[in-house]
Amino acid sequence: MTGTARFSWKAFWRGTAGVVALMVIWETFARSGIFSAALAPPLASIAISLWRMLLDGTMPQHALYTLGRVVLGIALSCTIAIPLGMLMGRVRAVERFFLPPVSVLMPIPSLAWVPLFILWFGIGNTATILVVIYAATFPMVYNVWTGVRSVNPLWLRAAAAMGANRRALFRKVVLPAALPFVITGLRLSFGRAWIAVVGGELLASPVWGLGKVIFDAKEFLNADVMIAALIVIGAVGLLCERVVFQALEHATVARWGMVAAAKR
Amino acid sequence: MVEAIKAHNISYEYETAAGAVLAVKDVSFSVDDAAFMCVLGPSGCGKTTILNMLAGFLTPTKGEILIGGKAVAGQGQDRGVVFQDFAQLFPWRTARRNVEFGLEMRGVPPAERRETALKFLRLVKLEKFADAYPHQLSGGMQQRVAISRSLAYNPAVLLMDEPFAALDAMTREEMQKLLTEVWQATKKTVVYITHNVAEAVYLADQLLVLAAHPGTVKAQMRLDLPRPRDALSTEFVEAQREVLKHLVH
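Listed in order, the protein sequences are those of chains A and B.
Each residue of the first sequence is one higher than the one before, starting from 12 at the first, in this note's numbering.
Each residue of the second sequence is one higher than the one before, starting from 608 at the first, in this note's numbering.
And the structure:
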């Protein structure tokens, strides 16, 4: 089995080639004259804007605000979603009661709630974080619920035979057994929340936030700044996925052989 | 001789869409203390159902089971259960932590738990793999961990449901030999389910032969071949022939 994925130059160059191809396509498009240079800036001016905003600390600050909203939103969402999903998976009555509303609310795009949240709480953090909570909660509930239901009955039987009571069954069997699904839930939640937070910031953010950067840059026709912000959004999202979630997976479920180790 | 287990006229009936099905009908048997009993029969003879009733996972619809003189009601730490499926181990725990589980349920302090677990891993010759996770072990090794896990909290009775059926022939033979040693060392009363005549003759002092649809007792016999048993000896082959006679009417 592959414990931890090794760094490989081959995979690195293959990944780099894809990014370079994307850059070449952009540069060709920018220089084609379809749009003026102000609307479709070449790579060099995007790079200069990005570098400038990184150096003066504004871009990192925007990114930190955005990331902070996501982390806070997901943390709050977990306090609702994990217990609810667990209860839905273990108690038939809770499942029957909550499944219909969850199924109805889940497909509504979180951004569709933003105008309402703005009316209730005004422009600012509250509305943005609420959007994140909304986006993160449903994938989490759904995965935890599925995870609890898919616990191998043999484990429950073996634990019961060894004298486990209901509490021990839950804490020492159901919880760790559901962990692969909980981690998948976290991953999906992060993905959804990351999309939602930028949208939320576009519409409802006060001063700081990557979505706000894009919104403000549009007012001044700064396409290079907009694209610089998009690059940061992509990079931070990718970094979280690679560093945080893969590390979490490697330390737990991949180590236990419960899922195949994710390829880097 | 003391009786460790006594089943008195037990039946088990379950409901299906097509109506009630009688899986086990009026089965009675008793197992001597520290004896090795094999329950042998074709598929559909209700042998796993009988084991599940002994374990307390199922309640007989009729009759009564006594273990150590007490009527069985649900699961209990007086019994250890080993299943056929390798997946019975908890994948998130190392071999040692798997073996510790029953002791943990009993509130045994960590240091003592650890020591006991290592002792029982040594019994199945796996002390070197104490810190391995189940997925790093072969099927035979996983079953050995399962055996030591169900012995570690010191139950009087060990219930085994075809634990070696999914292993290759060579590993199975090794495991049968090892199990005999473990049983002789721990002096547990064992109930071992199998559909393999040679395996039953190799392991058992007492044999319960079942017939199918519904599961009823076909024969009860005692095997007193000397141990360790030699599967190629004349007496062994003779004993197999004797048992087979009951299976093929």
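The beta-carbon is built from N, C-alpha and C at its ideal position, and this holds for glycine as well.
Please read these numbers as outputs of a predicted model, since none were measured by experiment.
Note to self: Between residue 154 (chain A) and chain B, is any beta-carbon pair separated by less than 7 Å?
What the structure shows: Taking the first sequence and counting its residues from 1, one reaches residue 154 (chain A) at position 143. No, no contact with chain B.
Margin query: I'd like to know if the stretch 690-708 of chain B and the stretch 156-171 of chain A are in contact, where contact means that at least 3 CB-CB pairs between them fall below 8 Å.
Written below: yes
Notebook entry, point to check: From this set, B:833, B:783, B:613, which residue's C-alpha is nearest residue 660 (chain B)'s C-alpha?
Noted result: Translated into positions along the second sequence, residue 660 (chain B) becomes position 53. By alpha-carbon distance to residue 660 (chain B), the top candidate from B:833, B:783, B:613 is B:613.
Check: Rounded C-beta distance between residue 212 (chain A) and residue 220 (chain A)? I'm assuming under 8 Å.
Finding: Taking the first residue of the first sequence as position 1, residue 212 (chain A) is located at position 201. Taking the first residue of the first sequence as position 1, residue 220 (chain A) is located at position 209. Their Cβ separation, rounded to whole angstroms, is 4 Å, which keeps residue 212 (chain A) and residue 220 (chain A) in contact under 8 Å.
Note to self: Excluding the 5 residues flanking residue 15 (chain A) on each side, which residues of the same chain have their C-beta closer than 6 Å to its C-beta?
What the structure shows: For the purposes of this step, residue 15 (chain A) is taken as residue 4 along the first sequence, with counting starting at 1. Caution is warranted here: a pLDDT of 47 is assigned to residue 15 (chain A), below 50, making its placement in the model unreliable, and no coordinate value can be reported.
Check: If the cut is a Cβ gap below 8 Å, which residues of chain A does residue 771 (chain B) touch?
Finding: For the purposes of this step, residue 771 (chain B) is identified with residue 164 of the second sequence, where counting begins at 1. The contacting residues do not exist; residue 771 (chain B) stays about 17 Å from chain A at best.
Check: Looking at the structure shown, is residue 687 (chain B) part of a helix, part of a strand, or coil, going by DSSP?
Finding: Indexing the second sequence from 1 puts residue 687 (chain B) at position 80. It is a strand residue.
Item checked: Reference residue 249 (chain A); option with closest CA among A:210, A:199, A:267, A:223 -> Residue 249 (chain A) sits at position 238 when you count from the first residue of the first sequence. Residue A:199 is the option with its Cα nearest to residue 249 (chain A).
Margin query: Against chain B, which members of the stretch 160-187 of chain A pass a CB distance test of less than 9 Å?
Written below: 163, 165, 166, 168, 169, 170, 171, 172, 173, 174, 175, 176, 179, 183, 184, 187
Next item on the list: Out of B:656, B:627, B:810, state which residue places its alpha-carbon closest to the alpha-carbon of residue 788 (chain B).
Entry: Taking the first residue of the second sequence as 1, we reach residue 788 (chain B) at position 181. Nearest option by C-alpha distance: B:810.
Item checked: As assigned by DSSP and simplified to three states, the class of residue 30 (chain A) -> Position 19 of the first sequence, counted from the first residue, corresponds to residue 30 (chain A). In the structure shown, residue 30 (chain A) sits in a helix (DSSP, three-state: H, G or I).
Margin query: Contact defined as beta carbons within less than 8 Å: I believe residue 863 (chain B) pairs with residue 645 (chain B). What is the distance between those atoms, to the nearest angstrom?
Written below: Lying outside 608 to 856, the shown extent of chain B, residue 863 (chain B) is not represented and no answer is given.
Notebook entry, point to check: By a C-beta neighbour count over all protein chains shown, 10 Å radius and 16 as the cutoff for buried, is residue 711 (chain B) buried or exposed?
Noted result: The residue given as residue 711 (chain B) occupies position 104 in the second sequence. Result: buried.
Margin query: Just checking: is the beta-carbon of residue 268 (chain A) within a distance shorter than 7 Å of some beta-carbon in chain B?
Written below: Numbered from its first residue, the first sequence carries residue 268 (chain A) at position 257. So yes, residue 268 (chain A) belongs to the interface.
Note to self: For the pair the stretch 665-675 of chain B and the stretch 823-833 of chain B, tell me if three or more CB-CB distances fall below 8 Å.
What the structure shows: As far as the Cβ criterion goes, the stretch 665-675 of chain B does not touch the stretch 823-833 of chain B, which means the pair count is below three.
Item checked: residue 107 (chain A): first and last residue of the uninterrupted alpha helix (DSSP H) it sits in -> Residue numbering aside, residue 107 (chain A) sits at position 96 when the first sequence is read from its first letter. Where residue 107 (chain A) is concerned, the enclosing alpha helix (DSSP H) stretches over 103-116.
Next item on the list: Could you name the residues of the same chain whose beta carbon sits closer than 6 Å to that of residue 96 (chain A), not counting the 5 residues immediately before and after it, in chain order?
Entry: Locating residue 96 (chain A) in the first sequence gives position 85, where the first residue counts as 1. Contacts found: 152, 155, 156.
Next item on the list: Could you have a look at residue 740 (chain B) and say whether DSSP puts it in helix, strand or coil?
Entry: Numbered from 1 along the second sequence, position 133 holds the residue referred to as residue 740 (chain B). Three-state result, residue 740 (chain B): coil.
Margin query: Assuming residue 642 (chain B) and residue 796 (chain B) are in contact, meaning their beta carbons sit under 8 Å apart, how far apart are those beta carbons, in whole angstroms?
Written below: Counting from one through the second sequence, the residue named residue 642 (chain B) turns up at place 35. Counting from one through the second sequence, the residue named residue 796 (chain B) turns up at place 189. Indeed, because the Cβ distance is near 6 Å, the residues count as touching under 8 Å.
Margin query: Can you confirm whether the stretch 675-686 of chain B touches the stretch 727-738 of chain B when touching is taken to mean that 3 or more C-beta pairs between the two stretches lie within less than 8 Å?
Written below: no
Next item on the list: State whether the stretch 131-144 of chain A contacts the stretch 75-88 of chain A, with contact taken as three or more CB pairs (one from each stretch) at a distance under 8 Å.
Entry: yes
Check: Under 7 Å between the Cβ atoms of residue 235 (chain A) and residue 57 (chain A)?
Finding: What you label residue 235 (chain A) is simply residue 224 of the first sequence in a count that begins at 1. What you label residue 57 (chain A) is simply residue 46 of the first sequence in a count that begins at 1. Contact: yes.
Check: Going by alpha carbons, who is nearest to residue 819 (chain B) out of B:637, B:656, B:615?
Finding: For the purposes of this step, residue 819 (chain B) is taken as residue 212 along the second sequence, with counting starting at 1. For the residues B:637, B:656, B:615, the minimum Cα distance to residue 819 (chain B) belongs to B:656.
Margin query: Please report the straight-line C-alpha distance between residue 765 (chain B) and residue 685 (chain B), rounded to a whole angstrom.
Written below: As a first step, residue 765 (chain B) must be located in the second sequence, where it is residue number 158. As a first step, residue 685 (chain B) must be located in the second sequence, where it is residue number 78. If you take the alpha carbons of residue 765 (chain B) and residue 685 (chain B), they lie about 9 Å apart.
Next item on the list: Mind listing the chain A neighbours of residue 688 (chain B)? Cutoff is C-beta to C-beta under 8 Å, in chain order.
Entry: Stepping through the second sequence from its first residue, residue 688 (chain B) is reached at position 81. Those are 168, 169, 172, listed as they occur along chain A.
Check: Which residues in the same chain as residue 78 (chain A) place their Cβ atom closer than 7 Å to its Cβ, once the five residues preceding and following it in sequence are excluded?
Finding: Within the first sequence, the letter at position 67 stands for residue 78 (chain A). Excluding residues within five positions, the ones whose Cβ falls inside 7 Å are 247.
Next item on the list: Under 8 Å by Cβ, that's how I've got residue 124 (chain A) and residue 145 (chain A) pegged, so tell me the actual separation to the nearest angstrom.
Entry: Mapped onto the first sequence, residue 124 (chain A) falls at position 113. Mapped onto the first sequence, residue 145 (chain A) falls at position 134. With 8 Å as the limit, residue 124 (chain A) and residue 145 (chain A) qualify as a contact, their Cβ atoms being about 6 Å apart.
Notebook entry, point to check: When Cβ atoms are compared, which residues of the stretch 662-684 of chain B fall closer than 9 Å to chain A?
Noted result: 662, 663, 664, 681, 682, 683, 684
Item checked: Separation of residue 792 (chain B) from residue 26 (chain A), as counted between CA atoms -> Taking the first residue of the first sequence as position 1, residue 26 (chain A) is located at position 15. Taking the first residue of the second sequence as position 1, residue 792 (chain B) is located at position 185. Approximately 59 Å between the Cα atoms of the pair.
Check: For residue 645 (chain B), which of helix, strand or coil comes out of DSSP?
Finding: Counting from one through the second sequence, the residue named residue 645 (chain B) turns up at place 38. It is a strand residue.
Notebook entry, point to check: Which residue's Cα is closest to the Cα of residue 681 (chain B): A:106, A:59, A:176, A:118?
Noted result: Within the second sequence, the letter at position 74 stands for residue 681 (chain B). Ranking A:106, A:59, A:176, A:118 by Cα distance to residue 681 (chain B) puts A:176 first.
Note to self: Please state the DSSP three-state secondary structure of residue 749 (chain B).
What the structure shows: By one-based count along the second sequence, residue 749 (chain B) stands at place 142. In this structure, residue 749 (chain B) counts as helix in the three-state DSSP scheme.
Check: Just curious, the beta strand (DSSP E) that residue 633 (chain B) is in, first and last residue?
Finding: Looking up residue 633 (chain B) in the second sequence gives position 26. Residue 633 (chain B) -> beta strand (DSSP E) spans 626-639.
Item checked: Reference residue 815 (chain B); option with closest CA among B:635, B:618, B:721, B:617 -> For the purposes of this step, residue 815 (chain B) is taken as residue 208 along the second sequence, with counting starting at 1. It is B:635 whose Cα lies nearest to the Cα of residue 815 (chain B).
Notebook entry, point to check: Between residue 190 (chain A) and residue 264 (chain A), is the Cβ-Cβ spacing less than 7 Å?
Noted result: For this step, residue 190 (chain A) is matched to residue 179 along the first sequence. For this step, residue 264 (chain A) is matched to residue 253 along the first sequence. Cβ distance < 7 Å, so residue 190 (chain A) and residue 264 (chain A) count as in contact.
Check: Is the CB of residue 727 (chain B) under 7 Å away from at least one CB in chain A?
Finding: Taking the second sequence and counting its residues from 1, one reaches residue 727 (chain B) at position 120. No - not a single Cβ of chain A is within 7 Å of the one on residue 727 (chain B).
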